[in-house]
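There are 2 protein chains.
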Amino acid sequence: MVHHQFAALGDPTRLAIVERLARGPAPVGSLPVPTAMSLPAVLKHVRVLEEAGLVSTVKRGRVRECRLRDDALVAVAEWTAHQQALWSARLDALGTLLEET
Amino acid sequence: MVHHQFAALGDPTRLAIVERLARGPAPVGSLPVPTAMSLPAVLKHVRVLEEAGLVSTVKRGRVRECRLRDDALVAVAEWTAHQQALWSARLDALGTLLEET
DNA sequence: CTGATGGTGAACCACGTGGTTAACTGTTGC
DNA sequence: GCAACAGTTAACCACGTGGTTCACCATCAG
Numbered sequence: 809m810v811h812h813q814f815a816a817l818g819d820p821t822r823l824a825i826v827e828r829l830a831r832g833p834a835p836v837g838s839l840p841v842p843t844a845m846s847l848p849a850v851l852k853h854v855r856v857l858e859e860a861g862l863v864s865t866v867k868r869g870r871v872r873e874c875r876l877r878d879d880a881l882v883a884v885a886e887w888t889a890h891q892q893a894l895w896s897a898r899l900d901a902l903g904t905l906l907e908e909t
Numbered sequence: 809m810v811h812h813q814f815a816a817l818g819d820p821t822r823l824a825i826v827e828r829l830a831r832g833p834a835p836v837g838s839l840p841v842p843t844a845m846s847l848p849a850v851l852k853h854v855r856v857l858e859e860a861g862l863v864s865t866v867k868r869g870r871v872r873e874c875r876l877r878d879d880a881l882v883a884v885a886e887w888t889a890h891q892q893a894l895w896s897a898r899l900d901a902l903g904t905l906l907e908e909t
């Protein structure tokens, strides 16, 4: 069900969060969101990313720390590479077919 | 602006369409959509995929043929690989740091 | 203890998205 | 020429999503 990951990454705010988290873990309050965005909104985005398996969070004290879950990103990369491989294989086949004639 | 691609792939119907098109071009009318889905709905999805640069279409006669645009898929793959690389590099650095102590 | 900090939950709202039906256009086959 | 076919446009609708505010809880610093 890889479309959940894609949907989660489809929002610019969430994409920015993931890009930030690729540089290392961060608490919810210091995520790179549009300047005047309320905390509940940020939290919602984090929940979505968690739901999609892209992010995992732990609460230590009163701060919730978010970190990137590498495996979900791998799944996305694999899906994409696979489709691309299928398509370019087809293009190659077409190419050699044209050469033979 | 890679989040448009992600958003386009975030819908299961559209994802299925892309997976189909990776096996080769197809007319709008024979795309793998949920059985009772109306044609206008399919067309909308195709438009979204076109807008995101994932698909290109040409109309020959009365049939519009859709084909996968390989480069957009490459962009997606590159973004994903990049983030993943950043994250795993950080993990590696952490690992060697722990070894040194 | 107390106040400030960081996060949560609930209720609410505007708007985009995914879908429909109906009517119409351009092509193709006979 | 006519009927069937493939797509297209327009108008419309239900619902999910992204956002808000307000009230609240838990934790840390002084």
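Protein chains in written order, with the working numbering: chain A, 809 to 909; chain B, 809 to 909.
Built from N, CA and C at the ideal position, the CB exists for glycine as well.
Chain A contact for glutamate 858(B) (CB, 8 Å cutoff): No, no contact with chain A.
Environment of threonine 888(A) [buried if 16+ CB atoms lie within 10 Å]: buried
Cβ pair serine 864(A), arginine 875(A) closer than 8 Å: yes
Valine 871(A), buried or exposed, once every other Cβ within 10 Å from all chains shown has been counted against 16: So valine 871(A) ends up on the exposed side.
Distance between alanine 883(B) and glycine 837(A) (C-alpha atoms, nearest Å): Going by C-alpha positions, glycine 837(A) is about 30 Å away from alanine 883(B).
Residues that arginine 831(A) contacts on chain B, provided the C-beta gap is smaller than 9 Å: Leu894, Trp895 and Arg898
Cβ of threonine 888(A) within 8 Å of any chain B Cβ: Output row for threonine 888(A): interface = yes.
DSSP state of serine 846(B) mapped onto helix, strand, coil: coil
Residue of Val850(B), Ser896(B), Ala849(B) and Asp878(B) minimising C-alpha distance to leucine 862(B): Asp878(B)
With 16 other Cβ atoms within 10 Å as the buried cut-off, status of glycine 869(B): By the beta-carbon neighbour count (other beta carbons within 10 angstroms, threshold 16), glycine 869(B) is exposed.
C-beta neighbour in chain A for alanine 815(B), strict 8 Å: yes
Proximal residues to glycine 832(B) (C-beta, below 6 Å), its chain only, five neighbours per side dropped: none
The alpha helix (DSSP H) enclosing valine 826(B), as first and last residue numbers: 820-829
Segment limits, alpha helix (DSSP H) that includes leucine 862(B): Leucine 862(B) -> no alpha helix (DSSP H), and no H or E assigned at all.
Opposing strand residues paired with proline 835(A) [DSSP bridges]: Glu873(A)
Candidates Val826(B), Ala897(B), Gln891(B) and Leu823(B), of which the one nearest arginine 828(A) by Cα: Gln891(B)
For arginine 868(B), the residue or residues it bridges with in DSSP: Val871(B)
Chain-order list of residues whose beta-carbon lies under 8 Å from that of proline 835(B) (same chain, five-residue window excluded): Closer than 8 Å at Cβ, skipping near neighbours: Val871, Arg872, Glu873 and Cys874.
Beta-carbon separation (whole angstroms), leucine 817(A) vs histidine 811(B), contact threshold 8 Å: 7 Å
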